[in-house]
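Count along the sequence shown starting at 1, add 1317, and that's the number in my numbering.
Read through the structure below, which is laid out as C-alpha cells, and then see the notes.
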Amino acid sequence: MSVTDKTSSQDSLLEQTFGAPVRELYTQASGRDASAALRRALELRSFLVVAEEQVAWVRDRVHEATAADRDMSGLSADDLRFDAQWLEGALAGRNGYVAAIGQLLRTMPPPEPVPRRPVRLTQPTTTTALPPGRHPSRGSARAPTVKAPIART
C-alpha cells in the first residue's frame, strides 16, 4: 500500500494549510507549477507515515507480549528491552518528521497572490476625419481632425 493511501497524524494540518485533501495535494505536487513547500511537505509526510507505522508495529508487539491473558513464563526482559530500543528509535524519527513539517509550514512563503489585470486609467480614443472633397467651411484646405471617445458596450 502506498503512503498516499495511509493516514498520518499531520494530515489535517497539511489539508488546512494547503486547502485540499491529502490525495489531491499529491496530485498537485506532481504538476509543473507545484510549490517547493508543497513538495517538501508531502515528502516529509511520506517519511512520517512510515515512521508512524513503525511505532505502531512495535507498540502492538509490546502489547501482545504483555497482554493480560498471556502466560508470564513467555515474557522476556531481553525482548522487551530490544522492543524499547526499537520504539525509542521509531519515536525519535516520528518526532523529527513532525517537527520538520511544523518548521516548514511556519517558514514557507505565503501563497502567491492571484495576478490581476492592470487598471487602465486612460479612455481610448479614435481619430476621425471628414471624407475628401467635403469641406466644412470655404477657406479651409483640410478637414479638421476630431478625437472622440470609443463607446464601450
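Ideal Cβ placement from N, Cα and C applies to all residues, glycine included.
Under the three-state reduction of DSSP output, T1334 falls in the helix class.
DSSP assignment within the region 1351-1398 yields the following whole alpha helix (DSSP H) runs of 4 residues or more, N-terminal first: 1353-1382. Taking each of S1363, S1319, Q1345 in turn and checking the Cα distance to D1328, the smallest one comes out for S1363. When C-alpha distances from L1408 are compared across A1385, R1376, P1426, the shortest belongs to R1376. Contact fails between the region 1389-1406 and the region 1416-1428, because fewer than three Cβ pairs, one in each stretch, are under 8 angstroms apart.
Rounded to the nearest whole angstrom, the C-alpha separation of A1384 and Q1345 is 44 angstroms. Excluding residues up to 5 positions away in sequence, A1346 lie with their Cβ nearer than 7 angstroms to the Cβ of R1356 in the same chain. Shown here for S1352: not one same chain residue has a beta carbon closer than 6 angstroms to its own, the five before and five after excluded.
Shown here, T1324 sits in coil according to DSSP, grouped into three states, outside any helix or strand.
By the C-beta density criterion, E1369 is buried, having at least 16 other C-beta atoms within 10 angstroms. The C-beta separation of L1404 from V1372 comes to about 7 angstroms, placing the pair in contact by the 8 angstroms criterion. For L1422, the closest C-alpha among the options Y1343, G1406, A1358 is that of A1358.
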